[in-house]
Structures are given as structure tokens and as C-alpha cells.
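Here is the structure we will look at.
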Amino acid sequence: MKLILLGPPGAGKGTQAKLIVDKYSIPQLSTGDMLREAVANGTEVGKKAKAVMDAGNLVSDDIVNAIVSERLDQDDCKNGFILDGFPRTLEQAEALSVMLSEKGLGLDTVVELKVDDEALVERVSGRYTCGSCGEGYHDTFKKPASEGVCDRCGKSEFKRRQDDNAETLRTRLMAYYKETSPLLGYYFAKGDLKSVDGMGDISDIFNAVDDILKSV
Ligand code: ADP
Ligand code: ADP
Ligand code: ZN
């Protein structure tokens, strides 16, 4: 299974990606996670990306394309992968298409998560993750079963993203509508786009996503 999850910040891409990982045992390739790791490790890429990410703008296509290309070369991507947060520009989409054909990999489908703008603000402002295993949570919509303890790994250290504030989210949404939303038309025209209503329960949305995955 080789797929792209497309949607604005806070749509639920990471949440759905983790459920797909559990069911299909394919890796989640989140460019946001990769870039945050580069920032945390103080690499050259991280130094270039930090200020751009903090402001909510997009990191340059060259940097992101290179990261993804390198990641796709790893063995665990041979049987499939979930691209989460990439591509985000038409240039990245074109680069991905070239990359995949050069590597002898295809693409099965592009799944769009459709979510109301007001809900995005709510989702992003309440988002936090387990600092140990990366499981995603929300102050209102997805609390751990036992307060302060990660459902997945049992640890009690959580973190919030620096860019998950109302002001930066506005910039990120603008970047989505200007740079990323044209990809919906691009993949529709290619015949690859499937849209899912992303406004319900996490598990109902997963069932809808999974129906698509089973059909491709
Ligand atoms: P993305 O990766 O698209 O930015 P996330 O998967 O991180 O989005 O989800 C953003 C926030 O919204 C997280 O706190 C997550 O727990 C929460 N969330 C995800 N899906 C839903 C949903 N269907 N309903 C309510 N909250 C959700
Ligand atoms: P979200 O889950 O809210 O959609 P991500 O974690 O995917 O956010 O991305 C966080 C930030 O990392 C973005 O605001 C952007 O600065 C950078 N980033 C991630 N993926 C890309 C990409 N494909 N192209 C350019 N910048 C990216
Ligand atoms: Zn955890």
C-alpha cells in the first residue's frame, strides 16, 4: 500500500496515519516529524528549517524533496508507505512523481481528509503528543484513558508543538490554501484522489479510509 494523506494542518493526517501503520505495518513518512527531528538534532537541514517552521511557512522544496527521497530508499518502504504532509506544493508533487518512477515505486491512492476550518483551529490548539512514543492526543477530543499516562507506551511525558498556536496556524492555513490545495485538483485530474469526510469520530474516519485502502 503506497499512499498520500492530504489535508490542512490539524485535519487528522497523523492520527489516521498511525492507525494505518498499525493495521498494514507500513511506515509513516511525516516530513513534519523528520524536520522537527532535524531541528532537535541541530543538523544543517534543521538549522535552515527552524525559523521557517516557527513562522508557519513552508520549508524549501529542495530540502524536503531530498529528505523524502533518502527516506524512500530505506528497506522498510519497499512494501509500502504513508506520505503524511508531503507533497505540499505542485513542485514537490512533480518531484515525487519522478522519484517514484526512478525508484520503481508506484502510488496507489491519495486520500484527502476534509475538515471545516473552525474545527482545524480547535484541533490544532488542543493537540499534544507523547514525548516517548509519539502517540497523538487532544485536550478535549482524545484524552489518554488514564489521565497523564500514554495509552500506547505508559510513559507520562507529553509535549506540545511550538507552532501550534493561533497566530502561526493562520500562516500555516494560508500556506495550505495557496500552495497545497492545488494538489487536490492535480491528483483528481490524475485519477488518484479519494476524499473522506474528516469531521466525525476518529474510528469512523479510519473505517472510511480503510474502505478506500481495501478497494485499491
Ligand atoms: P495533522 O497530522 O493533519 O496535522 P493530527 O492527526 O495531529 O493532524 O490531529 C490534530 C489534532 O486533532 C490532534 O490533537 C488529534 O488528536 C485531534 N484529532 C484527530 N482526528 C480527530 C477527529 N476526527 N476528531 C477530533 N479530533 C481529532
Ligand atoms: P501539520 O501536521 O500541522 O500539517 P506538519 O507537522 O506536517 O504540520 O508540518 C509542520 C511544519 O513543517 C510546516 O508548517 C512546514 O514548515 C514544515 N513542513 C512539513 N512538511 C513540509 C513539506 N512537505 N514542505 C514544506 N514544509 C514542510
Ligand atoms: Zn507514548
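Numbering (the working numbering), first residue to last: 128 to 343. Even for Gly, the Cβ is constructed at its ideal location relative to N, Cα and C. Only a predicted model underlies this, so the values are computations on that prediction, with no experimental measurement involved.
Problem set entry | Member of Y151, I147, M180 whose CA lies at the smallest distance from the CA of L300 | M180
Exercise. In its own chain, which residues sit with a C-beta less than 7 Å from the C-beta of Y303, not counting the 5 before and 5 after it?
Worked result: P135, P136
For this session: Could you check the C-alpha separation between Y255 and E284 for me, to the nearest Å?
Result: 10 Å
For this session: Indicate whether at least one CB of chain B lies closer than 8 Å to the CB of R297.
Result: Among the protein chains of the structure shown there is no chain B, as only one such chain exists.
Exercise. Among D319, L223, A182, H265, which residue has its Cα nearest to the Cα of S196?
Worked result: L223
Problem set entry | Beta-carbon gap between F213 and P154 smaller than 8 Å | no
Problem set entry | Check: V186 C-beta below 7 Å from any heavy atom of ligand 2 | yes
Exercise. Got a list of residues with beta-carbon closer than 6 Å to any non-hydrogen atom of ligand 3, in chain order?
Worked result: C257, S259, C260, E262, C277, R279, C280, K282
Exercise. Using a threshold of 7 Å, is the CB atom of R215 nearer than that to any non-hydrogen atom of ligand 2?
Worked result: yes
Exercise. Is there at least one non-hydrogen atom of ligand 2 closer than 7 Å to the beta-carbon of K175?
Worked result: no
Exercise. So does the segment 278 to 297 actually touch the segment 176 to 191, counting three or more Cβ pairs closer than 8 Å?
Worked result: yes
Problem set entry | Contacts around Q289, its chain only, beta-carbon distance under 7 Å, and the 5 residues preceding and following it disregarded | D181
Exercise. To which residues of the same chain is A246 closer than 6 Å at the C-beta, ignoring the five residues directly before and after it?
Worked result: none
Problem set entry | Member of S252, V237, D203 whose CA lies at the smallest distance from the CA of F315 | V237
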